[in-house]
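A.B. asks: Top line first, the protein sequences correspond to chains A and B. Going letter by letter, the first sequence gives residues 1 to 83 in this note's numbering. Going letter by letter, the second sequence gives residues 1001 to 1415 in this note's numbering.
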Amino acid sequence: MDAMKKMVLDYVIREYLEEDDDRVIKEDTPLITGGIVDSFSMVSLKRFLEKKYNVQIPDADATPEAFDTVNNIIDLVNRFLKK
Amino acid sequence: MAYSIKAREKFQLDIKELRDAGLFKEERYIHAPQGAEIEVEYPSGASLKKVINMCANNYLGLSSHPEVVKAAQEGLIHHGYGMSSVRFICGTQDIHRQLENRLTEFLGTEDTLLFPSCMDANAGVFEATLTDQDVMIADRLVHASIVDGMRLCKAMQDTFKHSDMGHLEEKLQEHQDKRYRMIITDGVFSMDGDLARLDKIVELAEKYDALVFVDDSHASGFIGKTGRGTHEHCGVFGKIDVITTTLGKALGGASGGCVSGRTELVEMCRQRARPYLFSNAVAPVIISGALKVFDLIFKSTERRDKLEKNMLYWRQLLKDAGFDIKEGESPIVPVMLYNAKLAQDIARDLYDEGIYAVGFFFPVVPKGQARIRTQLSAAHEKHHLDKAIEAFIKVGRKYNIIGKNKKEIIEMYGM
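#1: Roughly how many whole angstroms lie between the Cα atoms of residue 1222(B) and residue 1271(B)?
#2: Using a C-beta cutoff of 8 Å, does residue 1132(B) count as contacting chain A?
#3: Below 8 Å between beta carbons: does that hold for residue 1254(B) and residue 1297(B)?
#4: Please list the partners that residue 18(A) has in chain B, where partner means a Cβ-to-Cβ separation under 7 Å.
#5: For the segment 1365-1377 of chain B, which residues have a CB atom closer than 8 Å to at least one CB atom of chain A, in sequence order?
#6: Excluding the five sequence neighbours on either side, which residues of its own chain have a C-beta within less than 8 Å of the C-beta of residue 1088(B), listed in chain order?
#7: Does residue 1140(B) come within less than 8 Å of chain A when only Cβ atoms are used?
#8: Relative to the ligand GTP, is the shortest distance from any of its heavy atoms to the C-beta of residue 65(A) smaller than 7 Å?
#9: Comparing C-alpha positions only, which one of 1035(B), 1157(B) and 1076(B) sits nearest to residue 1058(B)?
#10: In the structure shown, what three-state DSSP assignment does residue 1263(B) receive?
#11: Taking the CB atoms as reference points, tell me whether residue 1236(B) and residue 1112(B) lie closer together than 8 Å.
#12: Could you check whether the segment 1078-1093 of chain B touches the segment 1226-1235 of chain B, counting it as contact only if at least three pairs of C-beta atoms, one from each stretch, sit closer than 8 Å?
#13: Mapping DSSP to helix, strand and coil, what is residue 1332(B)?
#14: For the candidate residues 1154(B), 1003(B), 1021(B) and 1273(B), whose alpha-carbon lies nearest to that of residue 1362(B)?
#15: Report the start-end ranges of each alpha helix (DSSP H) in the segment 1125-1155 of chain B that is 4 residues or longer and not cut off at the edges.
#16: Report the residue ranges of all alpha helix (DSSP H) runs contained in full by the segment 1190-1234 of chain B; include only those spanning at least 4 residues, in chain order.
#17: Taking 8 Å as the threshold, find out whether the segment 1139-1146 of chain B comes into contact with the segment 1181-1193 of chain B through three or more Cβ pairs.
#18: According to DSSP, is residue 1003(B) helix, strand or coil?
#19: Can you tell me where the alpha helix (DSSP H) holding residue 1046(B) begins and where it ends?
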């Protein structure tokens, strides 16, 4: 697993799962549609990515679909990293 | 015609999708004043059924109290039906200010401003007091009206795990570069019935120089020894910077809400909060009824004490019967079922047995956390609760959930 994937996965688990939550989160686990992250709490994830990878993700691109899995999130970050 | 057949069909499809997903909400028509026992027409057109109400926010049983009704009638005669104005043009009567002063005294704050509802208070308060130099840090289970209010505000948004003080502390540390930090929480959480740890929150706020905001809608009037709210219960009365609450639950149950707190923050709401500025003044009849509510609850804690007794009795009945409930100290008692269909089926069967209680499921509560939320009232008598538990046991046996824990219920019905 590459470093970025691990970093995002670790953040999602630490930030969104309660201590007694035994759900397993993998890179293709639906986060928003799966009810793990709601749109209200999604803002901290966006800010984490922007700070960590020094990118600006426009609100129009920070859609629930773009944040729905760790894989989607990596694609999103990479799109803006390359710009 | 602008509303084309195509547009109509699209909306019809949206409504069908809601029905298919089990998210369609139907109203039940109540043919009586609010109370412990009500007559209900459900489904529409059905003959009336007398049921015990276990789902109202009528915590103190004041919604139809004769003295409150009489005060409202007198208010109607002496102060008229409507104000035909927003507050700051020609909508403020003497009684509006009287009620604000009583709320200030009751909540232990510095000043209070009435809003048409607590939903409106929450929609306006953040935008009126915070800017893009500030951060709002909210518990993840706060009420939807707070979420909406935060979205209308330019301050940075952040959240912490439900009642997780370690996570909140991390967030406060992370946002030390902001001008103001506002910690935002419900006093009593409406779906789980648990209380915010306000003593710890105030401690953290002092340590990290933050403001504290509490929506005490499900607490004002009955939580704490004299019913002042969650801050009284937690020993931090007078230390909360902003409290929003409603007159639509324990405090008469009609409508209206308020922002109460530090003088300057309330003044900023009076100057800038859009739901206050652009809504009519709360009707005199409601203000008059609410003033009587405060006369009653300042005079005696009898109703609040009866509610507590009912709450303890009902929690014990459910536990003794073997139901899986959320532990807590509030009159919101969720019976956990985890599966959405099971919650709906059990609510329907309870209704057939004469008990009116509602199933809640995603998106109102997290996925796999479906439940029936029961709510106690000072209007309930012991015989109401005894009848209710009989019905719960009968229906619980039918679905074989009595004595079963979370894992066992999920094994039988899934999440």
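Where is the CB? At the ideal position from N, CA and C, for every residue including glycine.
C.D. replies: Let me spell this out:
#1: Position 222 of the second sequence holds residue 1222(B). Position 271 of the second sequence holds residue 1271(B). Their backbone Cα atoms lie some 31 Å apart in a straight line.
#2: As a first step, residue 1132(B) must be located in the second sequence, where it is residue number 132. Taking Cβ atoms only, chain A never reaches closer than 8 Å to residue 1132(B), which makes this a no.
#3: Counting from one through the second sequence, the residue named residue 1254(B) turns up at place 254. Counting from one through the second sequence, the residue named residue 1297(B) turns up at place 297. At the C-beta level, residue 1254(B) and residue 1297(B) stay beyond 8 Å of one another.
#4: Within the first sequence, residue 18(A) is the residue found at index 18, counting from 1. Here the neighbours are 1161.
#5: Under the 8 Å Cβ criterion, the segment 1365-1377 of chain B contributes 1366, 1367 and 1368.
#6: Counted from its first residue, the second sequence places residue 1088(B) at position 88. Once the five neighbours on either side are set aside, the close Cβ partners of residue 1088(B) are 1270 and 1277.
#7: The residue labelled residue 1140(B) in the question sits at position 140 within the second sequence. True, the Cβ-Cβ gap to chain A drops below 8 Å.
#8: Within the structure as shown, the ligand GTP is missing, as the structure has no ligands at all.
#9: To locate residue 1058(B), count along the second sequence from 1; it is residue 58. Here the closest residue by C-alpha is 1035(B).
#10: Within the second sequence, residue 1263(B) is the residue found at index 263, counting from 1. In the three-state reduction of the DSSP assignment, residue 1263(B) falls in the helix class, which pools H, G and I.
#11: Locating residue 1236(B) in the second sequence gives position 236, where the first residue counts as 1. Locating residue 1112(B) in the second sequence gives position 112, where the first residue counts as 1. Taking 8 Å as the Cβ cut-off, residue 1236(B) and residue 1112(B) do not qualify as a contacting pair.
#12: Counting Cβ pairs under 8 Å, fewer than three are found: no touch.
#13: By one-based count along the second sequence, residue 1332(B) stands at place 332. Here residue 1332(B) sits in strand by DSSP.
#14: Working through the second sequence from its first residue, we reach residue 1362(B) at position 362. Of the candidates 1154(B), 1003(B), 1021(B) and 1273(B), the one whose C-alpha sits nearest the C-alpha of residue 1362(B) is 1021(B).
#15: Here the runs fully enclosed are 1144-1151.
#16: Fully enclosed alpha helix (DSSP H) runs of 4 or longer: 1198-1207 and 1230-1233.
#17: Enough Cβ pairs lie closer than 8 Å, so yes.
#18: Against the second sequence, residue 1003(B) aligns to sequence position 3. DSSP places residue 1003(B) in coil when its eight states are reduced to three.
#19: The residue you call residue 1046(B) lines up with position 46 of the second sequence. Neither: residue 1046(B) is in no alpha helix (DSSP H) and is coded neither H nor E.
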